[in-house]
Each structure stands twice: as structure tokens, then as C-alpha cells.
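Here the sequence shown stands for residues -31 to -1, 1 to 152, where the numbers follow mature numbering (1 follows the signal peptide of the UniProt record, and there is no 0). Written below as C-alpha cells is the structure these notes are about.
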Amino acid sequence: MQDSNQFRRGVSRRRLTFLMVCLLGLTSACGYQVVGSAPAGADRPQATIAIPPFENRSMEVGLETIFANDLLRAFGDGGSVRAKPGDEGADYLLLGTIKKLEHSSTAYLDIDRSLVRRVTVTVEITLKDFRQNKVIWKSTEMIKADYVAENYYSIGEANRTQGIRQASARLAQRVYDKINVLL
């Protein structure tokens, strides 16, 4: 009796093993593959985009290079478009105009002391095709970032600058995502 039970268990284990091997063989032969295993647009040449310093209409000095450099960094991480500084020698041209920079209080410690401040930057972005000399995409983006207000001037300015850089990085990521969809 025990011999027949052991025999049945051995047969059922062999059948199960055989079925598992067959199942694995069938699924691997059906053409299943990991989604995203080939880079997007691998069959077409990589486009280039020129990013010159932005036009700065705000009163804040140096914003034009901060925003352009963050965009260059965003495109430098790969993707379907390769970026280069300047305004020549590329398939596309990305122009930016910083229209406005505002600071406002969003949280207060008491009636006359701000705890958290917000920087709001309004930027107009234009993507042009060099070859056809036409505008492909134009958008006005409003980016916000919060920073901690500080009583000490030097720390407050450092926090303010960090808020501006945070807004710039957000804009760069947003523009990068939109352009990768367009191109």
C-alpha cells in the first residue's frame, strides 16, 4: 500500500514538473518581452535642440542663465533630444523669456512675521524648428516653489535663492517632458 502511494506521489510530481517546464517553454516562445526594453525612437536619428540664455524681464539678476542651465541639464540626461548651449547648429531652438518673478507669504508665525514664502516665476517658452523656420510649440508656464522665511538676511537670501532654483528645476522638467512628447 505504501509503495503504491509513493509511486502515485512520484508520478504526480513528475507530471507537475513536466507541466511547469511546458508552461515556461510556451510563454517564452510567444514573443513576450519586457515593455520598454528598446529605447524610444531607437530607429530614428537623435534631434538636437539649442538652448540659449533666456531673456530676463524681471529685476532679478542672473535668472536667465539659471533657467537655461537647468534646461540643458534636463536634456543632458538622455532621451530622444540632445541639447547644446547657444542658438545655432541644431534642429530646434528653445527660447525662453522670464516675464515675472514674485515673492509672497504663504504661512505666518504672527500678524507681521512670515514663516513660509513662495516664489512664483512666469516664463514664456517657444520651440522653433530651424529647418522650416516655424514655431512648433509656445506656452506660458507659471512655476511656484516655497521656501522658509528667515530673520537673518544671509540665511533668508540663501533660502530665497534655493526657492528660485527649485522653481527652475521644476520648469526644466516640465518643458523636457513636453518636448519629448512633441519630438
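For every residue, glycine included, the Cβ atom is placed at its ideal position computed from N, Cα and C.
Query raised in the report: For Ser108, which residues from the same chain have a beta carbon less than 6 Å from its beta carbon, with the 5 sequence-adjacent residues on both sides left out?
Result: The residue labelled residue 108 in the question sits at position 139 within the sequence shown. Same-chain partners within the cutoff: Ile94.
Report task. Compute the Euclidean distance between the alpha carbons of Asn120 and Ala136, then round it to the nearest angstrom. Result -> Against the sequence shown, residue 120 aligns to sequence position 151. Against the sequence shown, residue 136 aligns to sequence position 167. Near 22 Å, if we compare the C-alpha coordinates of Ala136 and Asn120.
Query - For Thr66 and Arg26, believed in contact at Cβ under 8 Å, the rounded distance - result: One-based indexing of the sequence shown puts residue 26 at position 57. One-based indexing of the sequence shown puts residue 66 at position 97. The Cβ separation is near 6 Å, so the contact holds.
Query raised in the report: Is there contact here, the region 14 to 24 with the region 53 to 67, by at least three beta-carbon pairs under 8 Å?
Result: Yes: the two stretches touch, three or more of their Cβ pairs being nearer than 8 Å.
Query - the region 51 to 58 contacting the region 70 to 90, beta-carbon criterion three pairs below 8 Å - result: no
Report task. Starting from Ala136, trace the beta strand (DSSP E) both ways and give me its first and last residue. Result -> One-based indexing of the sequence shown puts residue 136 at position 167. Premise fails: Ala136 lies in the alpha helix (DSSP H), 122 to 151, not in any beta strand (DSSP E).
Query raised in the report: How many Å lie between Arg43 and Lys147 at the Cα?
Result: Your numbering for residue 43 matches position 74 in the sequence shown. Your numbering for residue 147 matches position 178 in the sequence shown. According to the sequence provided, residue 43 is Ala. The question's Arg does not apply to it. The alpha-carbon atoms of Ala43 and Lys147 are separated by roughly 12 Å.
Query - C-alpha distance - Ala141 paired with Lys103, whole-angstrom precision - result: What you label residue 141 is simply residue 172 of the sequence shown in a count that begins at 1. What you label residue 103 is simply residue 134 of the sequence shown in a count that begins at 1. Straight-line Cα distance between these residues: approximately 22 Å.
Query raised in the report: Anyone know if the C-beta pair for Leu96 and Tyr61 falls short of 9 Å?
Result: The residue you call residue 96 lines up with position 127 of the sequence shown. The residue you call residue 61 lines up with position 92 of the sequence shown. It is a contact, given that the beta carbons lie within the stated cut-off.
Query raised in the report: Roughly how many angstroms lie between the CA atoms of Leu151 and Glu33, to the nearest whole one?
Result: Numbered from its first residue, the sequence shown carries residue 151 at position 182. Numbered from its first residue, the sequence shown carries residue 33 at position 64. CA-CA distance, Leu151 to Glu33, rounds to 24 Å.
Query raised in the report: Is the beta carbon of Arg134 sitting closer than 9 Å to the one on Glu110?
Result: To locate residue 134, count along the sequence shown from 1; it is residue 165. To locate residue 110, count along the sequence shown from 1; it is residue 141. The answer is no: Cβ separation not under 9 Å.
Query - Proximal residues to Gln15 (C-beta, below 6 Å), its chain only, five neighbours per side dropped - result: Along the sequence shown, read from residue 1 onward, the residue named residue 15 stands at position 46. Arg51.
Query raised in the report: Arg86 by DSSP, collapsed to three states: which one?
Result: By 1-based counting over the sequence shown, the position of residue 86 is 117. Strand, per DSSP.
Query raised in the report: Is Phe(-25) helix, strand or coil by DSSP?
Result: Walking along the sequence shown from the start, residue -25 turns up at place 7. Model confidence at Phe(-25) stands at a pLDDT of 47, short of 50, so the residue's coordinates are unreliable; what they give is reported in the following sentence. In the structure shown, Phe(-25) falls within a helical segment according to DSSP collapsed to helix, strand and coil.
Query raised in the report: For Thr(-15), does the count of other Cβ atoms within 10 angstroms reach 16, so buried, or fall short, so exposed?
Result: On the sequence shown, residue -15 is found 17 positions in, with the first residue counted as 1. Per the 10 Å Cβ criterion, exposed.
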